[in-house]
Amino acid sequence: MFKPVVSLRTYSRVSWACLVSLYAIIVSGSLVRLTGSGLGCQDWPRCSDQRFVDVSTSHAAVEQINRLFTGVVAFAVIASVLLSQRLHPRQRSLTWLSFGLVGGVVLQIAIGGIVVVSGLHPAFNMAHYLVSVLLITIAFELHCQVRRRQRVEIGSTDFVPPAVGDPTVSRLTRRLTCSVASLLFVVLIAGTVVTGSGPHAGDESAPRFRLSIQTATRIHSAAVWIALLSVIALFLRIRRSSFEWHLLSRALESLTVAIVAQGFIGYFQYFAGVPAGIVAIHVAISVAVWISMLTVLDSARISGTWRQFVLD
Numbered sequence: 103m104f105k106p107v108v109s110l111r112t113y114s115r116v117s118w119a120c121l122v123s124l125y126a127i128i129v130s131g132s133l134v135r136l137t138g139s140g141l142g143c144q145d146w147p148r149c150s151d152q153r154f155v156d157v158s159t160s161h162a163a164v165e166q167i168n169r170l171f172t173g174v175v176a177f178a179v180i181a182s183v184l185l186s187q188r189l190h191p192r193q194r195s196l197t198w199l200s201f202g203l204v205g206g207v208v209l210q211i212a213i214g215g216i217v218v219v220s221g222l223h224p225a226f227n228m229a230h231y232l233v234s235v236l237l238i239t240i241a242f243e244l245h246c247q248v249r250r251r252q253r254v255e256i257g258s259t260d261f262v263p264p265a266v267g268d269p270t271v272s273r274l275t276r277r278l279t280c281s282v283a284s285l286l287f288v289v290l291i292a293g294t295v296v297t298g299s300g301p302h303a304g305d306e307s308a309p310r311f312r313l314s315i316q317t318a319t320r321i322h323s324a325a326v327w328i329a330l331l332s333v334i335a336l337f338l339r340i341r342r343s344s345f346e347w348h349l350l351s352r353a354l355e356s357l358t359v360a361i362v363a364q365g366f367i368g369y370f371q372y373f374a375g376v377p378a379g380i381v382a383i384h385v386a387i388s389v390a391v392w393i394s395m396l397t398v399l400d401s402a403r404i405s406g407t408w409r410q411f412v413l414d
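Its first residue numbered 103, the sequence shown is counted upward by one per residue in the numbering used here.
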């Protein structure tokens, strides 16, 4: 029986759809909390005892739309698995990454149920966001691997050959890049603690962390400054090598702009009394910061495998 072959170009579009839909659902999930609609649906997976879909109130409608959008994400990640079986030649790493997306979405659905049952406990909301970041990471890696295979297929390259005696990104640069990524992940965790301590709990009756928002914000702010200084240190490091500068400078510039913009919005929202609209923008840019960091990581390991990047 003939089985149609899927091109890398088509699969690249599917992987991009996965990344975009996962980004979108993070933003839509934040809107559920920011509009106080976290318990708009009193049950899970049904919205209520009587209805699977309930839009009788504005809160129920917002929560229901977010739940239904999960179906869009599920469709995209399932398509990534099925179509990975039609690639020729088959790429095992792409299949495993797509299966990772499916597993992550299933985990997210389960966490979503726990969030509702727990009355929007901030610890589970934290887990919901951080697993979303993990899914973004997997989707980004999937898309990057497809794009790299496309470039190999057409015989092109996206960087100039290194100079003699400077064949690859140095071990120290790789380790500094990993350190920056670790610090930024700490920033994301600290940001979720601020959220769990602040006024936008998703519902007036939802529990909060026993930590003042002032203290949580100071910790988060300190983490951001440390991460920004680490990016500057990496900039100073790569200036010594024209090859490393060529590979990393653009990605680091984008990361720096994203961090500075996020920091400005963070300070503005704090002193403005944490308005919901600005918080939504802050959440959206937090994901952009992380994607910028993933771009830096991808640039730093262009000349080697992921395993070498981690272990060297």
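Where is the CB? At the ideal position from N, CA and C, for every residue including glycine.
With 16 other Cβ atoms within 10 Å as the buried cut-off, status of residue i
| i | result |
| --- | --- |
| residue 234 | buried |
| residue 366 | exposed |
| residue 253 | exposed |
| residue 369 | exposed |
| residue 334 | exposed |
| residue 190 | exposed |
| residue 212 | exposed |
| residue 106 | exposed |
| residue 338 | exposed |
| residue 379 | exposed |
| residue 102 | Absent from the structure is residue 102, since the part of the chain shown begins at 103 and ends at 414. |
| residue 210 | buried |
| residue 331 | exposed |
| residue 124 | buried |
| residue 297 | buried |
| residue 273 | exposed |
| residue 173 | exposed |
| residue 182 | buried |
| residue 195 | exposed |
| residue 314 | exposed |
| residue 261 | The predicted model places residue 261 with a pLDDT of 43, which falls under 50 and marks its position as unreliable; any figure quoted below should be read in that light. It counts as exposed. |
Rounded straight-line distance, which links the Cα of residue j to that of residue i
| i | j | result |
| --- | --- | --- |
| residue 403 | residue 375 | 42 Å |
| residue 136 | residue 325 | 24 Å |
| residue 287 | residue 327 | 13 Å |
| residue 204 | residue 180 | 7 Å |
| residue 116 | residue 312 | 43 Å |
| residue 184 | residue 371 | 43 Å |
| residue 76 | residue 161 | This structure cannot speak to residue 76, because the chain is shown only from 103 to 414. |
| residue 119 | residue 249 | 14 Å |
| residue 171 | residue 177 | 10 Å |
| residue 308 | residue 112 | 44 Å |
| residue 391 | residue 348 | 21 Å |
| residue 163 | residue 240 | 30 Å |
| residue 228 | residue 299 | 11 Å |
| residue 394 | residue 109 | 27 Å |
| residue 398 | residue 121 | 17 Å |
| residue 280 | residue 363 | 22 Å |
| residue 401 | residue 350 | 6 Å |
| residue 373 | residue 316 | 11 Å |
| residue 275 | residue 289 | 21 Å |
| residue 208 | residue 175 | 11 Å |
| residue 336 | residue 159 | 51 Å |
| residue 396 | residue 352 | 13 Å |
| residue 138 | residue 218 | 13 Å |
| residue 141 | residue 381 | 19 Å |
| residue 340 | residue 271 | 9 Å |
| residue 377 | residue 114 | 38 Å |
| residue 301 | residue 134 | 14 Å |
| residue 322 | residue 197 | 37 Å |
| residue 143 | residue 282 | 39 Å |
| residue 389 | residue 310 | 23 Å |
| residue 306 | residue 126 | 25 Å |
Expected contact under 8 Å - CB spacing of residue i and residue j to nearest Å
| i | j | result |
| --- | --- | --- |
| residue 206 | residue 237 | 4 Å |
| residue 329 | residue 285 | 4 Å |
| residue 232 | residue 319 | The Cβ separation is near 19 Å, so there is no contact. |
| residue 193 | residue 251 | 7 Å |
Residue i at chain C interface by Cβ criterion, 8 Å
| i | result |
| --- | --- |
| residue 390 | Annotation note: the requested chain C is absent from the structure, which comprises a single protein chain. |
key: Contiguous alpha helix (DSSP H) assignments of at least 4 residues, all confined to the stretch 219-250   = Here no run is fully enclosed.
ask   = Touch check for the stretch 236-244 and the stretch 356-370: three-plus C-beta pairs under 8 Å?
value = Flag = no, the stretch 236-244 and the stretch 356-370 do not touch.
inquiry  = Taking 8 Å as the cut-off, does the stretch 121-138 touch the stretch 161-171 (at least 3 CB pairs, one atom from each stretch)?
reply    = Contact between the stretch 161-171 and the stretch 121-138 is present, because at least three Cβ pairs lie under 8 Å.
inquiry  = In chain order, what are the residue ranges of uninterrupted alpha helix (DSSP H) at least 4 long that sit wholly in the stretch 303-338?
reply    = Runs found: none.
request  = Take every Cβ of the stretch 212-232, pair it with every Cβ of the stretch 187-202, and state whether three or more of those distances are shorter than 8 Å.
outcome  = Counting Cβ pairs under 8 Å, fewer than three are found: no touch.
task = Take every Cβ of the stretch 379-391, pair it with every Cβ of the stretch 341-352, and state whether three or more of those distances are shorter than 8 Å.
result = Judged by Cβ distances under 8 Å, the stretch 379-391 makes no contact with the stretch 341-352, as fewer than three pairs qualify.
message = Extract the residue ranges of the beta strand (DSSP E) inside the stretch 180-222, only unbroken runs of 3 or more that lie entirely within it.
response = Annotation note: the stretch 180-222 contains no uninterrupted beta strand (DSSP E) run of length 3 or greater.
query = Of all the alpha helix (DSSP H) runs that stay within the bounds of the stretch 343-394, which reach a length of 4 or more residues?
reply = Those alpha helix (DSSP H) runs which fall completely within the stretch 343-394 and span 4+ residues are 344-373.
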